[in-house]
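Trainee:
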Amino acid sequence: MTSVYESQLLAGHILDWRLIRSIARILGTELQQVVPLALENNRLHIGCFRQPDSAYRAQLSGRLKSDLRVSLLPETERNLWLQLCQENLDAQVLAATQLTVVTNGDQPDEQQISLKVQGLLMRALESRASDIHLEPMPEGLLVRYRVDGLLKEVELLPVEWQKLIVARVKVMADLDIANQRTPQDGRSTQTLGKTTLDLRVSTLPCLHGEKAVIRLLNKSNRFMSLEEIGLVEQTLEVYTKWLDRAQGLILITGPTGSGKTSTLYASLMRLLNPNKNIVTIEDPVEYQLSSVNQVQVNPKAGLTFAGGLRSILRQDPDIIMVGEIRDPETAQTVFQAAVTGHLVLATIHTDDAPSTVNRLIYLGVEPYLISAALLGVVAQRLVRRACPRCATYFSPTARDLTRLGLSDSLPQTDEVRWVKPTGCEACQGVGFRGREGIFEVMPVDNIIRQMIHGQSSVMDMKAHLRQLGLPTLGEAGLQKVMAGKTTIEEILRVVSL
Ligand SMILES: [Zn+2]
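The sequence shown runs 259 to 755 under the working numbering.
(1) Within the chosen definition, does the segment 580-589 reach the segment 490-506 through at least 3 CB pairs nearer than 8 Å?
(2) If we ignore side chains and look at the alpha-carbon of each, how far apart do D274 and V401 end up?
(3) In the DSSP assignment, find the unbroken beta strand (DSSP E) run with C306 in it and report its ends.
(4) Leaving out five residues on either side along the sequence, give the residues of the same chain with a beta carbon under 7 Å from the beta carbon of P729.
(5) Rounding to the nearest angstrom, what Cα-Cα distance links G634 and K558 in this structure?
(6) From the DSSP output, in three-state form, read off I619 for me.
(7) How would you label L618, buried or exposed, when you count the other beta carbons within 10 angstroms and need 16 or more for buried?
(8) Using the Cα positions of Q552 and T562, report the straight-line distance between them to the nearest angstrom.
(9) Measure the alpha-carbon distance for N768 versus I487 and round it to whole angstroms.
(10) In angstroms with no decimal places, state the Cα-to-Cα distance between Q554 and E747.
(11) Please work out which residues of its chain come closer than 8 Å, Cβ to Cβ, to R592, disregarding the five sequence neighbours upstream and downstream, and give them in chain order.
(12) Find out if the Cβ-Cβ distance for the pair I510, K518 is shorter than 7 Å.
(13) Leaving aside the five residues before and after L297 along the sequence, list all residues of the same chain whose C-beta is less than 6 Å from its C-beta, in chain order.
(14) Between which two residues does the beta strand (DSSP E) containing Q552 stretch?
(15) In whole angstroms, give me the CA-to-CA distance for R751 and V677.
(16) When every heavy atom of ligand 3 is checked, does at least one fall within less than 6 Å of the C-beta of A644?
(17) Counting by C-beta, which residues lie closer than 7 Å to a heavy atom of ligand 1, in chain order?
(18) To the nearest angstrom, how far is the alpha carbon of L755 from that of G732?
(19) Okay, do the segment 695-713 and the segment 456-473 touch, 3+ Cβ pairs below 8 Å being the bar?
(20) Indicate whether the contact test is met: 3 or more Cβ pairs, each with one atom in the segment 533-552 and one in the segment 641-650, closer than 8 Å.
(21) Are there three or more Cβ pairs, one per stretch, closer than 8 Å when the segment 657-666 is compared with the segment 621-629?
(22) In the DSSP assignment, find the alpha helix (DSSP H) that holds E587 and state where it starts and stops.
(23) For K534, which of helix, strand or coil comes out of DSSP?
(24) Within the same chain, show all residues whose beta-carbon is closer than 7 Å to that of R301, passing over the 5 residues directly before and after it, in chain order.
(25) On the criterion of 16 or more Cβ atoms from any shown chain inside 10 Å, does D718 qualify as buried, or is it exposed?
(26) Identify the residues that DSSP records as bridge partners of G506: which are they?
(27) Alpha carbon to alpha carbon, how far is L455 from N476? Give it in angstroms, no decimals.
(28) Give the straight-line distance between the Cα atoms of V739 and N616, rounded to the nearest whole angstrom.
(29) Can you name the start and end residues of the alpha helix (DSSP H) that R336 belongs to?
(30) Name the DSSP bridge partner or partners of H391?
(31) Quick check: what's the CA-CA separation for G599 versus T453?
(32) Work out the CA separation of Q442 and L267 for me, nearest whole Å.
(33) On a CA-only basis, which of T614, S665, P679 is nearest V702? Give me that one, please.
(34) Determine the burial state of Q638: buried for a count of at least 16 other Cβ atoms within 10 Å of its Cβ, exposed for fewer.
(35) Could you tell me the distance, in whole angstroms, from the CA atom of L408 to the CA atom of S385?
(36) Going by beta carbon distance, what residues of the same chain come within less than 6 Å of G735, once the five residues before and after it are set aside?
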């Protein structure tokens, strides 16, 4: 029988409270002797303060229905562990506690590195992270996750692990591990339990070593409807009218990470129809849609947005989705498509809906073509949703409103209830869980058409939208605050009021 010790296996490990809770249900008070560390491929890593004998080990393995790997934990950690057990396994305390695992100073072996990377992916998935950042620091490799748009520190791995972890990630994505001096990018598909993850890996040489970022695309995620992404009654009604048209252009705008792709996919899901030919050109294809023909942009192979779009137009399409308009050639081809009997959806980078017109003119599209083809523009941002489990409410005072410069725009009554983030287990102590969009829609009506011809100012267009009773981004944000969906600070973080 091999040694029961696997020292340094999980150095610097942060406790996985979900795992611990499930093991606690089986072991009861015996948990005081056994520290569950990680579960990977039905192999359970546990820590013990004393060397367990082989009989106990076998018995434990049977009860936990897993292959066991045992690490010896220093006796000095025992009191901390007992204290945690007594505090009834408080999730937040556990999540913030680092246990030191004995290390013998050797380099970790390949299997340990591979398990660690799997563990990082697994935990990212459980935390609903969109990206994993692996950042070389003088003290070690800092691991951070982006959850609901914000980065948070997860753990610091020892310096000896730094290059090995990054190299492992590069191998997964088929990158050249010998080359650490130039930025690289690649992709990989990993299956963790029932989940299939598409990974996009990129590396960048930094001062203290090579940094890697892994973007996680969860293929098992189901698509959200337009209602679920945060479109409210009034804006939804305006927007869906455009989707019902047979021809014309719908533009979705906002900065990177503002949820434009989710809006496009939700729109396509609504448009799905066996009698229509729907084709997309994307960079990258983020999610696969059944009964939609998706084309991946590949400039190295000569397949650009503009070129791809021209080929799509020869394939008898009804509805076309163009990932992004970023150059004059694509802009002009998109408009040609939109005036020749196709419904086109695309994204473009601008701050708000009215500014899109100027951006298009800057990209060389003639004003007459804009007013003829454009059905409307949606501008959007994402805000974090207050966690419904732990939300508490308060009525803003006159002082709150003045401090925020809102005394004119919002009524002050005792009936107004704003949400205050608290933090619980469901939201990992953050007070927010998930995100939704705030939307500004600009329908191209006769007046806007005249304004496009006359190249009117953004201010004039905004004034017209106000006359139509359509909210600006800021006003849409305030509506979500008044509805108790999110906080005013969260709105102010993404838009100016
Ligand atoms: Zn909560």
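For glycine and all other residues, C-beta sits at the position ideal for the given N, C-alpha and C.
Mentor: Working from what's here:
(1) Taking 8 Å as the limit for Cβ pairs, the verdict is that the segment 490-506 does not touch the segment 580-589.
(2) The straight-line gap from Cα to Cα measures roughly 15 Å.
(3) Taken as a continuous stretch (DSSP letters only), the beta strand (DSSP E) holding C306 covers 301-306.
(4) Excluding sequence neighbours, P729 sits near E698, Q737.
(5) Using only the alpha carbons, I get a separation of about 33 Å.
(6) When DSSP states are grouped into helix, strand and coil, I619 belongs to the helix group.
(7) Of the other Cβ atoms in all chains shown, 16 or more fall within 10 Å of the Cβ of L618; this residue is therefore buried.
(8) C-alpha of Q552 to C-alpha of T562: approximately 14 Å in a straight line.
(9) Since the displayed the chain opens at 259 and closes at 755, residue 768 lies outside it and no answer follows.
(10) Rounded to whole angstroms, Q554 to E747 spans 38 Å at the Cα level.
(11) Sequence inspection shows Val at residue 592; the Arg mentioned does not correspond to that position. Listed in chain order, the non-local C-beta contacts of V592 below 8 Å within the same chain comprise L507, L567, V580, I583, V602, A604, local neighbours out to five positions each way being set aside.
(12) Yes, the pair counts as a contact, with Cβ atoms nearer than the cut-off.
(13) Correct list, in chain order: L277.
(14) Unbroken beta strand (DSSP E) run through Q552: 551-554.
(15) Those two C-alpha atoms are separated by around 16 Å.
(16) Of the ligands one can find in the structure shown, namely ligand 1, none is ligand 3.
(17) Matched residues: C645, R647, C648, T680, G681, C682, A684, C685, G689, R691.
(18) Spanning the two alpha carbons is a distance of roughly 5 Å.
(19) Contact fails: fewer than three Cβ-Cβ distances are below 8 Å.
(20) Flag = no, the segment 533-552 and the segment 641-650 do not touch.
(21) As far as the Cβ criterion goes, the segment 657-666 does not touch the segment 621-629, which means the pair count is below three.
(22) Element bounds for E587: 586-596.
(23) In this structure, K534 counts as coil in the three-state DSSP scheme.
(24) Shown here for R301: same chain residues with a beta carbon closer than 7 Å to its own, the five before and five after excluded, namely S324, D325, R327 in chain order.
(25) Exposed, by the Cβ-count rule.
(26) DSSP output for G506 lists L601 as bridge partner(s).
(27) Each residue's Cα considered, the two are about 5 Å apart.
(28) A straight line joining the alpha-carbon of V739 with that of N616 spans about 31 Å.
(29) Membership of R336 in the alpha helix (DSSP H) is indicated by the continuous run 336-344.
(30) Per DSSP, R402, V471.
(31) Their backbone Cα atoms lie some 40 Å apart in a straight line.
(32) Since pLDDT at L267 reaches only 35, below the 50 mark, its modelled position is unreliable, and the value read off the structure follows with that caveat. Computed Cα separation, rounded: 29 Å.
(33) The closest CA to that of V702, considering only T614, S665, P679, is found on T614.
(34) So Q638 counts as buried.
(35) Between L408 and S385, the C-alpha separation is close to 12 Å.
(36) So the list reads I696, I749, V753, once near-sequence residues are dropped.
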